[in-house]
Structure formats: C-alpha cells, structure tokens
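Heads up: the structure comes next, in structure tokens.
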Amino acid sequence: MKRGWVKRLLSLHGVLFLVFVYAPIVMVVVLSFNSNPINMMIWSGFTFDWYWSILGYPTQLNEQTLYVESTDQLLGAVKNSLIVAVSTTTISTILGTMTALALYRYRFRAQRFYQGLLYMPMVMPDIVLGIALLVFFVGFGVALGVMSIIIGHCTFLISYVFVVVSARLAGMDDTLEQASADLGANEWVTFRRITLPQILPGVIGGALLAFIISMDDLVITYFIAGVDSTTLPVFIYGMLRRGVKPEINAIATLMLTLSFIIATLGLYLRRRH
Amino acid sequence: MKADEEAQDQAASIAEVREAVKRFAAPEGGIVTALDGVSLKVRPSEFVTLLGPSGCGKTTLLRAISGFEELDAGEVRIAGAPMTGVPPHRRPVNTVFQNYALFPHLSVGDNVGYGLDVAGVPRAERNTRVGETLERIGLDGYERRRPDQLSGGQRQRVALARAIINQPKLLLLDEPLSALDRNLRKAMQLELKNLQHDLGICFVFVTHDQEEALTMSDRVAVLNAGRIEQVAAPETHYHRPATRFVAEFIGDGALFSGRVEGPAKDPVLVTADGLRFAVASGTPAGQEATLLLRPEHLEAAPKSPRASHGVIEARLEQSVFLGALHQFVCRLANGATIIAAPTGAGAGNLSEVAIGDSIRLAYRRDQPHLIPEVGDGA
Ligand SMILES: Nc1ncnc2c1ncn2[C@@H]1O[C@H](COP(=O)(O)OP(=O)(O)OP(=O)(O)O)[C@@H](O)[C@H]1O
Ligand SMILES: [Mg+2]
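First to last, the protein sequences are chains A and B. Counting with my numbering, you get residues 1 to 273 for the letters of the first sequence. Counting with my numbering, you get residues 1001 to 1378 for the letters of the second sequence.
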C-alpha cells in the first residue's frame, strides 16, 4: 500500500521534471508554426511562413511585418557561426587531444599545476574570459573579426576536449600500447592502430561538445566579435533587443534540430565503438 | 662447476643479463632497488622460470629484457647484441602480458596478425600464418570473434598466439596463468611446455607458484629482494638449495642452523639451543651450516639405529592423512615443528604412535642437504 503511493509520487516527480525542462522548448517549436504576427501567444493557425521569412522568401506575413531586418544579415551570421564552429572544433580537437596524450604519457614537474591551468577556462566566468580576451586582442592590435573569435573559442574549448579525452585515456589499459610496441610497432603505428581507436569515442565526444559550445556561445563572442563578424547567437540577441519576434522561434527550432542531429550522431558513433 | 656446464655457458646464449641494476624512486620518498646486480643467461631453446615472492623484481627483470625499463647499470644482450638504448619495438622478443592486453577493438584474427601487419607481411602469407598459429593453439575458426567474446582460457591462447607468430628468439611470459582456475592452469602448463618444445623458442616465464616453476622449467632462477639466490635445475633447487631462502621457498622441510662438531667419521650439527643432528660423514668440523630435513627423509627409527642414520627425539602432534602419503607433524625439544612423510614400511610403524606420545625419527645421515653458511645467512 505504502509502496504504491511512494511509487506514484516518484512517477509524478519524473513527469514534472520532464515538463519543467521540455515544456518551454516544445512551446518554442509549436509557436514557430503560429501564424499570428501580432501576439504569438495566441494561436491563429498553422504556417511555415516564418521559416520562409528567415530564408528571405516573400510571404503574406512578412509583407505586413518584415521582422528580420535583412535575411542577408541572418545568413551571414549563420555562415560566420559555421566557419567559427568548424575551425575551432578542428583546432581544439587536435590540440586538446595532443595535450591529453602528452599529460597521459609523460611525467614532469608541476604536472598537477599544469593540469589545473587546463581546467581553469572551464570554470572561469564567461564575462571575465570575454573581457580578458578583448583586452588582449585590443592590446596586441589583433583585429576583431572571425579570426579573433576562432582564437577566443579555442582558448577554452581546448580545455573541454582535453577533459573528455583525458577521461577516456584514464580508462584505457596502458599495457595495450606496450603490447603493440612489443609486437614491433613504432610510436606512430601504435598511435594510429591502437591508441586512436581506443580514445576515438572521447575524441568524437570532445569534438561534438566543442562544436555545440562554439555554435552556442554568446557572452564571450559578444566581446570579441567585430562589426561584420556577427555570429548567430549574437545576431539573435540583437534581434531580441528590439522585441521578441516570431522568426526567433523558427530560428530556435532550426538550431534545436541541428543540435539534435549532432547529439544523435554522437550517440550513434559511441554505440559503434 | 662441472665441465659440461661450463661448456654450455660458453655457447652462444640467446639472452644474457649482466649485473643489472634498476632503482625506482618511490612516490612516498626513498629509493626501491628492484634489481640489485642480477646476472642471468638463457641458453638456446631453454625454459627458464623466474620464481620469487611478490615484489622481488621478477616483472622488472622481464621488462628490462623487453625494453620497457631502462637499467641504471649493467646490460641486456639478446643473441649477443647489446640492447642498451634499443626501444622495445626493435627487440627480437615478444611478451605474453599478465592481463593478456588483447586489443579490444580488433578481432582475434587481427590481434594475432598484428605483428605481421606491422612488419608489412603480404596479405596472403599473413592470413595463412594467422590460420596456422590459431590452429596450433586450438582456436581455428575464431578469427572473427572479438576478445570480449572469448573465455579467459581462450584469451590466454590468443595472447600466446599473438606473441609467437613473429617467431621471436625469446618469449617472455609474466604470470600468464595466474588468472586461470586450477584445472585450466594445469592443462595450460602442459600445453605451454609442449608448445615451447615444438617451437624451440626460449621461454622466460615468471611465476610465484613454486609448483608451477618446478614442473615446467629446465632451470629456475629464484629471486629475492632484487637478487638471484640460485639458478639451477628444479631437482637441484629441491635437493641441494644453495641458500636458506631457496630451501624455505621451495618444498617443505625443516631447517636447523648450527656448527658442525665431532670426528670426521661421526660429525654432528649442534644448534644454538643444543639439538644435535648427525650429518654426512666427512663434513669438516667447525663449519657453520644449515641442515635441510625434508619430510620424505624421515621415517620411524628402528629399535637399534645404525651408525649410518641420524635419530631425532620428538613428540607426535598431529597425524594428517593425505591419500598417497601420510604426514606426521612432530614437535622437537626446542619447540620447532618437523614434518615426517615416510614412504614404504616406515609409515606403518608411525601410525601406531598415539598423538602426544614421544617418537623417534631416523634419517640417512647422507641424505639431507647441508647448506654452508655464507656471511649474511640466517
Ligand atoms: N614504476 C615503479 N615505481 C616505483 N617502484 C616500482 C615501480 N615498478 C616496480 N617497483 C618496485 O620494484 C619492486 C619490484 O617490483 P616488480 O614488479 O618487479 O615485482 P614482482 O616480482 O614482479 O612482484 P609480483 O610477483 O607481485 O608481480 C617492488 O618493490 C615495486 O614496488
Ligand atoms: Mg610482477
């Protein structure tokens, strides 16, 4: 009897938790199809027009409202975001993995301290990192633009990749590399045939994490983005300041879809290894 | 030393360790000397076992040969070539790791073929050799399995196959059987021995199980605290141990230290607490030595013992029936325990003695081994 209501309470907790987390997200998705241009909280019919609108196609709705100032600006921001995310993912995955390997393989003085330094960017407040990077770039005369964003993102994304790959390395049986060397493989062959396949799930996980964080970063990017190098989050933030407009729901839904695809890809790859 | 043994030592040794010293800086401070001047020669197609208690340096010695530990002093030679500065992947030795270290992402076939793939052996030849090797160890048809789809014994075989496929001059095995259950272990001991015989490869085998060492090896090196106590055939270790440590480590037996006294015809070992043991005639008096009495040396003493025998007065504490033989646990006047396991007629006489009664044990005075005391002995 008593078990019964405890169980029911637990299920209720589970349901409430899911509602709490996902209701707002579901709402955004639903509202992105709402054709009411004035008050998006009032449902007035199903439409794809907001999606057409952000892609720059003329629709009945944007004739009346035309919220997205310029589709070119939006597409430019998406392009910048993708350039930044792809470059930072590549750079930070390579450097982060190499760092993790180096710290796994070699023992040196002040190793703990160095490890601590690597964790720092993850716990440092974004504002502080943003200001620090801005001061640094301005101080050294680095032009603010896509390049500065890439450098800025790499400074902390290397840490994320490092942590994920290190965890994977820590779980690896280190006699595997010795067995490989014992069978005549040099360092490079051992890395390619044994170490890399062993840590690949970590490397892929780290890369996906880096990609998503880079795509999503607002605060740091806001400080170090130049005038013509707006990324998608910065662009959306700019739109929001002039009022919440229905197109934002459509953009958010598209971003959500992209994240969903990436997460699924990650899970799939992890399953395969 | 005997002449033939000397001659064999002169013959080209497959592997030679000379005065190897290896020290580790312990994390808690201080220095651990894992190898303290170890010298060892492995002769062609020999099965050598490194035997010793945990932490005595067996793994370190093996890793020094395979190249995973660099020596602080001394050197390793393989087939006459000095190995100092030669990395593991260029050494003509292969290792069977204690935890097998199979590559989890590769199939059994790819695990076994790894050494050939790395060496760039053509595909067709590689495949036939992998097939042959798997067949040899009784795993043909398992090529496509993953290591996690195998039993412990099968993994052990794959590790073995992977290590022998390159036909190394020397195979190093670090407690390869320790993870197997008793029956499988027995079977694998025999199989390993046969494999070694068929392949004609030298095996250097690590174990801390003395029975395993004695049954499998041509020679056993007993290690203690980074030093080799004795390298010899199993029979020699058992019957003529060189040190007290070896005598204690291998087989059962009671040890008595003392000084040899009396005339050359009837020498006696007298211990510090006054026990007297007759020892082989001709043993020079005045010598400090340790007497090793094995259980099978002892039997019931006849009414009037002959001069060729030594007699021990004791009290029967326990009588243990072990199937094939019968053990009698006896206590001496000084409190030491001694076990008698007489064979043949002697056993019957002892069975009639009641627990707690005094008994007389006898041994042929030339049978027990006398270990001469050297300096730091016990
Ligand atoms: N990397 C290391 N750092 C510090 N000390 C070490 C290291 N490797 C081994 N030792 C020490 O060296 C000594 C010998 O170790 P080794 O592993 O050779 O022993 P072993 O004979 O193989 O023991 P076991 O039978 O338990 O495997 C031990 O005291 C051990 O603590
Ligand atoms: Mg060991």
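In this text, a Cβ means the ideal position worked out from N, Cα and C, and glycines have one as well. Since this is a predicted model, take the numbers as computed values, not measurements.
Query                                                                                                                                                                                : Result
Keeping to the same chain, check which residues put their C-beta closer than 7 Å to that of A/Val19; ignore five residues upstream and five downstream.                              : none
Examine chain B for any beta-carbon lying closer than 7 Å to the beta-carbon of A/Pro201, and answer yes or no.                                                                      : no
Between A/Thr195 and ligand 2, is there a pair consisting of the residue's CB and a ligand heavy atom that are separated by less than 6 Å?                                           : no
Let's see if you can read the secondary structure: which residues bound the beta strand (DSSP E) around A/Ile199?                                                                    : Unbroken run through A/Ile199 is the alpha helix (DSSP H), Leu196 to Asp216; no beta strand (DSSP E).
Suppose you measure from the CA of B/Ala1119 to the CA of B/Thr1243; what does that come to, to the nearest Å?                                                                       : 46 Å
Secondary structure at B/Leu1325, three-state DSSP: helix, strand or coil?                                                                                                           : coil
Out of B/Glu1288, B/Ala1187 and B/Ala1278, which has the shortest C-alpha to C-alpha gap to B/Ala1272?                                                                               : B/Glu1288
Could you tell me which residues DSSP pairs with A/Tyr106 in its beta bridges?                                                                                                       : According to DSSP, which records beta bridges pairwise, A/Tyr106 is partnered with nothing at all.
Using a Cβ distance threshold of 8 Å, determine whether the region 1103 to 1118 of chain B contacts the region 187 to 198 of chain A, with at least three qualifying pairs required. : yes
Please check if any C-beta of chain A sits within less than 7 Å of the C-beta of B/Asn1094.                                                                                          : yes
Rounded C-beta distance between A/Ala100 and A/Phe162? I'm assuming under 8 Å.                                                                                                       : 5 Å
Check whether chain A comes within 7 Å of B/Pro1147, counting only Cβ atoms and requiring the distance to be less than that.                                                         : no
Leaving aside the five residues before and after A/Val219 along the sequence, list all residues of the same chain whose C-beta is less than 7 Å from its C-beta, in chain order.     : Asp126, Ile127 and Gly130
Assuming the contact rule is C-beta atoms closer than 8 Å, B/Leu1370 and B/Leu1291 should be a hit. Round their C-beta distance to whole Å, please.                                  : 6 Å
Starting from A/Ile224 and walking both ways along the alpha helix (DSSP H), at which residues does that stretch end?                                                                : Val219 to Ile224
Below 8 Å on C-beta distance, what does B/Gly1115 contact in chain A?                                                                                                                : Leu183 and Gly184
Could you give the first and the last residue of the continuous beta strand (DSSP E) run that contains B/Asn1224?                                                                    : Arg1219 to Asn1224
For B/Gly1253, which of B/Ala1026, B/Ala1159 and B/Ala1341 has the nearest alpha-carbon?                                                                                             : B/Ala1341
Please decide whether A/Val189 counts as near chain B, where near means a Cβ-Cβ distance under 7 Å.                                                                                  : yes
When burial is assigned at 16 or more other CB atoms within 10 Å of the CB, is A/Ser32 buried or exposed?                                                                            : buried
Tell me the residue span of the alpha helix (DSSP H) that contains B/Asn1194.                                                                                                        : Arg1182 to Leu1199
Contact criterion: CB-CB distance below 7 Å. Does B/Ala1161 meet it with respect to chain A?                                                                                         : no
Just the C-alpha distance for A/Pro24 and A/Ser11, rounded to the nearest angstrom, thanks.                                                                                          : 21 Å
Is the beta carbon of A/Ile149 less than 7 Å from the beta carbon of A/Ile94?                                                                                                        : no
Can you find the residues in the same chain that come closer than 6 Å, C-beta to C-beta, to B/Val1268, ignoring five residues on each side of it along the sequence?                 : Glu1261, Gly1262, Arg1276 and Ala1278
Please return the same chain residues whose Cβ sits closer than 6 Å to the Cβ of A/Thr221, not counting the five positions on each side in sequence.                                 : Ile149, Thr231 and Val234
By the three-class DSSP mapping on this structure, what secondary structure does B/Cys1202 have?                                                                                     : strand
Mind checking the region 74 to 103 of chain A against chain B and listing, in chain order, the residues whose C-beta falls within less than 9 Å of any C-beta there?                 : none
Measuring only the C-alpha atoms, how far is B/Thr1049 from A/Leu269?                                                                                                                : 46 Å
If we define contact as Cβ-Cβ less than 7 Å, is B/Phe1203 a contact residue for chain A?                                                                                             : no
Three-state secondary structure (DSSP) at B/Ala1167?                                                                                                                                 : Here residue 1167 of chain B is Gln; the residue named in the question, Ala, does not match the sequence. Three-state DSSP puts B/Gln1167 in coil, outside helix and strand.
Whose C-alpha, out of B/Val1086, B/Asp1036 and B/Thr1095, is nearest the C-alpha of B/Leu1062?                                                                                       : B/Thr1095
With 7 Å set as the bound, which would you pick, yes or no: does the beta-carbon of A/Leu66 sit closer than that to a beta-carbon of chain B?                                        : Because A/Leu66 sits at a pLDDT of 48, beneath the cut-off of 50, its placement in the model cannot be relied upon, and the following sentence gives the value as read from the coordinates. Chain B, which has no Cβ nearer than 7 Å to the Cβ of A/Leu66, makes this no.
Scan the region 153 to 177 of chain A for residues whose Cβ lies nearer than 8 Å to a Cβ of chain B and list them as they occur along the chain.                                     : Asp173, Thr175 and Leu176
Look up B/Ala1119 in the DSSP assignment and say whether it is helix, strand or coil.                                                                                                : helix
Does the Cβ of A/Leu66 have 16 or more other Cβ atoms within 10 Å, making it buried, or fewer, making it exposed?                                                                    : Note that A/Leu66 has pLDDT 48, beneath the 50 cutoff, so the model's placement of it is unreliable and the number below is only indicative. With fewer than 16 other Cβ atoms within 10 Å, it is exposed.
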